[in-house]
Amino acid sequence: MTITERWSIEGKERLLGITRSLIFFCLPLWADAASMYGEILSPNYPQGYPNDVNETWQIQVPSGYGIHLYFTHLDLEPSQDCEYDFVKILSGVYVEGVLCGQKKPRTPGSRIVEEFRVPYNTLTMRFQSDFSNEERFTGFAAYYIAVDLDECMDFVDEPCSHYCNNYIGGYFCSCPPDYFLYEDNKTCGVNCSGNVFTEPTGEISSPNYPNQYPENSRCDYRVSLSPGYFVVLTFHSGDFDVEPASPNGTCHDSLTIVSGKQRFGPYCGSKFPGPPEIKTRNNILDIIFQTDHGTQHKGWKIRYYGDPVTCPMSVISNSVLEPKKDKYILKDTVKVTCVEGYEIVRQRDSITSFVSSCQENGEWTNSHLSCVLNCSGNVFTEPTGEISSPNYPNQYPENSRCDYRVSLSPGYFVVLTFHSGDFDVEPASPNGTCHDSLTIVSGKQRFGPYCGSKFPGPPEIKTRNNILDIIFQTDHGTQHKGWKIRYYGDPVTCPMSVISNSVLEPKKDKYILKDTVKVTCVEGYEIVRQRDSITSFVSSCQENGEWTNSHLSCVPVNCGDPPPVDNAQASYISALREPLYTAAVRYQCEAPYYTLENKGHVIYHCSASGEWVNEEMGTKLPKCVPVCGVPSNPIQDTGRIFGGTRAEKGNFPWQVYFNDPRASGVLISDRWVMTAAHVLEGYDKPTMYAGVINVRRESLKWDAEKLVPEASFIHPDWKEEPTETRIDFDNDIALLKLKDPVKMVNCSGNVFTEPTGEISSPNYPNQYPENSRCDYRVSLSPGYFVVLTFHSGDFDVEPASPNGTCHDSLTIVSGKQRFGPYCGSKFPGPPEIKTRNNILDIIFQTDHGTQHKGWKIRYYGDPVTCPMSVISNSVLEPKKDKYILKDTVKVTCVEGYEIVRQRDSITSFVSSCQENGEWTNSHLSCVPVNCGDPPPVDNAQASYISALREPLYTAAVRYQCEAPYYTLENKGHVIYHCSASGEWVNEEMGTKLPKCVPVCGVPSNPIQDTGRIFGGTRAEKGNFPWQVYFNDPRASGVLISDRWVMTAAHVLEGYDKPTMYAGVINVRRESLKWDAEKLVPEASFIHPDWKEEPTETRIDFDNDIALLKLKDPVKMGPNISPICLPGKSPEYELQEGTLGYIAGWGRREKGRLPADLWKAQIPVVNMDKCRSVKPDDSDDSTVYIFTDNMICAGGGKDSCQGDSGGAYAIQDPLNTTRYYVAGLISWGPKCGTFGLYTKVVRYLDWIRETMSQHEDEEAGQK
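Numbering-wise, the sequence shown is residues 1 to 1262 according to full-length UniProt numbering.
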């Protein structure tokens, strides 16, 4: 079927003043949107429609037009009530008509058999035929046309409040003078808003009062008084006449009064239905007067005045006021005096009174002060004693701070002991905060705060100080008996050693204050004073835990430098390179020309007596004697003197030349010359020279060693005879003793290996020989660098020629280092030559010229030094200015660093300084302690706030709860640092992690409208995220944390573990399966005072409250979050008229259980309202028990069966962004009237105690 529109100049028809030409075609099912006319035919018309037809047509004409539908033919199967075949015409859900059978035109000459006119621009036609027809029926033909509406006349309800103006296709509204048109373009109102009344007293009335007020108006008036004055309204009899409420209680015209969170009304009626006087708690009040387009009345008149704020009868606890009054109002000034025994403690002093004034906010100035018990200033100086809280063992006072000090004599540390049963202080709150607390401070040590029925600290607290402070603070809450502490002074202990290398007499297991001991240095040690030395002294244990005279030191005995031995060198052979006790030296003769007289007696030790001692020879020194008969230049050929060959230097080093008389001698020791007896005849002291082969004058002068005889000894059997006639030469032998020992010389090949020593030129300090080259080598152990020192006066070598050339020279070579050549009467080089090698060569060359005394050099081995640090980020023990070869240190990583090994980690190790100047174990590394990833916190994220973005020492992270659904339990405790111990630590909480708790009472989708459950409006997702659906039994609960659900006790009777869901508003099976969060209960707790009774006969619903602990925490989100619990402060006391929300899936008006969550806003009302309701099955509601543990609320809006256990949620008076559970849906005499709600504030202690107890048990099991 097609329906179209086409204009034609033929077939004009006049319809409602509109001339159009109409030609009808057919469209299937739907007409063109907004067509002005059309035709609708049944299928196969007029041949007859088939069986089982079900077709629908939607007719739509432009907005502002109605529809005229008429049938020109109707032939359908007839039936009673048109139950077989029929055409149904609908306007929305309203049935305009049902047609069947056969119809004929209503009037002669007319083609219309049936018609419908509707004032709407849409219409629905539905044609239906059954499965069979006994005969053929042709069907129907229908036509429609758009007709203009006169909206001003055709509407049942007037579209305009005042003047309606019609035009083709629409209408517009207008207003009389002094009125204005509202935004809906339909309603006219009077401009009566914006009036502000600031005078202390006055009158306010409705527009035109006492004449009729205008319709369709909203008038806003504000009373704004000075701060400190509360607005009070008074209503006089006869001053109120507003259109009465409809039968269902709705006010069409209404007066509403709002002051802060207080709301009064709406009011209507011929008499004022509210109290004759309304007292607010605010200096600002708004009056809202709204009227509709109905009947108007004369209105109202209100008188107002400012009631000055009143302040409490007490400024602070434990004080009295002057002057005394029955009431204190704004600007009143009083003197506040603490009662006897109490005072006000300030930073620098204390007072007993002050002045206070009543302020605009109803609070006194200086109300932050506190009169506390004057229990401070007590100082306990006795060695032992007891301290207790005020009034112990009776209750201690509230709002107090008591300071006690234990001050013992220096040298005694305070020790506190706590006995069982001597501690009873108000327990901590669930979050661990102590309201009353005992804190102990001693120097940098701090213990507590402590609270609870048992002392939670150790039974004995030992301090390291002689002064201790005890601070006891109490608040205004519950008081207990307090505490008693015993103390005593523990004398200071001194170390078991006074100084190193000593022993104490008498010996004890422990040395305490005032103990006196004799300190004796161990063997080989002494105490060196300015003028003498001692080996023992007396010391006493002092108050500071240190010994007297501990500045003294037992140092090793100093034997001085080893005594010199002619022709020998003394060198250290011990690790100790100083002449101190236990040091050892070895004497070595100057090889190869000297040797020891007694072999083996060469090692001497520095003894405890301060002398160098040999085990066998004692203090007697060794003696070096010349090596005899070994030429330095062995003879290479043979011959005879007479006609033989010239000798070379060194062939006969023992040869002595006698100049006068001309003869020879032989050196048999360094002091004795042997010759022939006849040579000395007449020459007892001949002139002798040694060390030369050429005896010319110059050679004797410069190269020879002149020998001066001291005495001569001719053999006693030698017979003196004249030389010319001598024939007997028997016993021809004689000895000459020299005045001074002669120095043996061979100056090459000498190697010095001792750690220290002296090297000198040949014959030093006598003249060195000419034409010589002397090579000396110092070869020390690896790890020692050779150092040479030159003393003043120890250098005299032939000076250089004018051109700077050294004829005789000293040159020093060590590796690539070369020093010299040096010559002159003074050493021209540095006084100390430091090499970087353990081997050094000294080369001394002389020519045939003038000789001088030569030189003497001292050397020592400078041990290699190692760096002052072994590895980075570490410290060394012991600390030294320099570390040398073989030094051993303990290397400890600095705080927060460690050495990570394959299977473990360490913080220290031992290292030794090696020969190469490097430390052993220097491959190790002190790396920052790795704390690992920050430990996870449920419902929180940890993010780095430090520059360091790894979990290493000093890194810092901040925990942030998953907003907006979680928040921190303790504000501020969110920053944790990676500590040296490898744990994440907070300054206040230590390693204890923060806790993210759900944000309570904040719907993700705030409620935007009001209604009632019993006939209310559907809730939207997020309106009541705390709502819990109980499927079996059908009821509700309220989420109060992520592990706890609160409900009515009667809900759990017979259902200790009900089936529960959260996060949904639709509770159909599919929704519960896919959208809901199923909550699994672990345990249920019905209030102990709830009385179990049969449901059918129950009349007592007192204590109707229960808790369910969930097996697992539920995750919070936009559709699941808890509601807050109420506070105990006066702001949470409910006033009549306070509005709150209820929600549930309970029975509705017609007894049906809805699948969707419904909500309503209801006020708190007087309990008498609930008592006055008559139940359906009784004429008397007084059979029920009403208690102060219940709230009465509602009035035409109510909860019903199936809503039980849900929350009565009210805006928090201290934080308007959130809601708290003021009540639980409990019971009611009759649905749709007033309901009774369990007053939750009465059960706060039980709720918190139950939750805390069973959460603590679970924590303990873990």
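Heads up, the beta-carbon is just placed ideally off N, CA and C, and yes, glycines get one too.
Asked, Found
"Simplified DSSP state of W1090, which is helix, strand or coil", "coil"
"Coil, strand or helix - W1246 by DSSP", "helix"
"Straight-line Cα distance separating L876 from V870", "8 Å"
"Nearest-angstrom Cα separation, counted from M688 out to E710", "12 Å"
"Classification of I287 by the beta-carbon crowding that lies within 10 angstroms, buried from 16 upward", "buried"
"Option nearest Q530 by Cα separation, candidates E681, S553, N361 and M989", "S553"
"Nearest to K1111 (by Cα), restricted to the options R346, D1042, P449 and D728", "D1042"
"DSSP-derived helix/strand/coil call for W1026", "coil"
"Whole-angstrom C-beta distance between V1165 and E1136, which should lie under 8 Å", "6 Å"
"Buried versus exposed, by CB contacts within 10 Å (16 or more), V538", "exposed"
"Member of R671, E543 and Y328 whose CA lies at the smallest distance from the CA of V708", "R671"
"Nearest to S607 (by Cα), restricted to the options I344, V522, S550 and A677", "V522"
"Close Cβ partners of Y883 (< 6 Å) along its chain, the five nearest in sequence each way excluded", "C866 and C913"
"Cβ-based burial, R111 [other Cβ within 10 Å; buried from 16]", "exposed"
"Stretch pair the stretch 425 to 433 + the stretch 508 to 518: three plus CB contacts closer than 8 Å", "no"
"Residues of its chain near T1010, where Cβ-Cβ distance is below 6 Å and the 5 sequence neighbours each way are ignored", "Only weak support exists for where T1010 lies, its pLDDT of 45 falling under 50; the value from the coordinates is given anyway. Excluding residues within five positions, the ones whose Cβ falls inside 6 Å are Q1161."
"For K1109, the nearest candidate out of E648, V1038 and N216 (CA to CA)", "V1038"
"8 Å Cβ cutoff met for L416 and I440", "yes"
"Identified DSSP bridge partners for W984", "C978"
"Helix, strand or coil at V1072 [DSSP, three-state]", "Inspection of the sequence shows that residue 1072 is occupied by Leu rather than by Val. In the structure shown, L1072 sits in a helix (DSSP, three-state: H, G or I)."
"For I23, the three-state DSSP class (helix, strand or coil)", "Low per-residue confidence applies at I23: pLDDT is 29, beneath 50, and the placement is therefore not dependable, though the value from the model is reported in the following sentence. In this structure, I23 counts as coil in the three-state DSSP scheme."
"CA-to-CA distance, C1124 to Q960, given in whole angstroms", "21 Å"
"Beta-carbon proximity list for C559, same chain, < 8 Å, skipping 5 on both sides", "P579, L580, Y581, A583, C606, S607, G610, E611 and W612"
"Helix, strand or coil at Y1132 [DSSP, three-state]", "helix"
"Backbone CA spacing between K335 and S353 [nearest angstrom]", "7 Å"
"Among K886, P716 and D1104, nearest to P863 - alpha-carbon criterion", "K886"
"Close-in-space but distant-in-sequence residues of the same chain around R405 (CB under 6 Å, 5 per side omitted)", "V379 and D469"
"Element boundaries [alpha helix (DSSP H), containing C1170]", "M1167 to R1171"
"Test item: CB-CB of L373 and P393 under 8 Å", "no"
"Beta strand (DSSP E) segment containing L99, residue limits", "Y94 to L99"
"Nearest candidate by alpha-carbon position, reference R858, set F116, S872 and P831", "P831"
"Burial state of I302, where buried means 16 or more other Cβ atoms lie within 10 Å", "buried"
"Spatial distance of K324 from V355 (CA atoms)", "14 Å"
"Which listed residue (Q569, T1138, L1072 and G691) has its alpha carbon closest to that of S760", "Q569"
"DSSP-derived helix/strand/coil call for T187", "coil"
"Buried or exposed by the 16-neighbour rule on C-beta atoms within 10 Å, applied to residue 1263", "No answer is possible for residue 1263: it lies beyond the span of the chain, which begins at 1 and ends at 1262."
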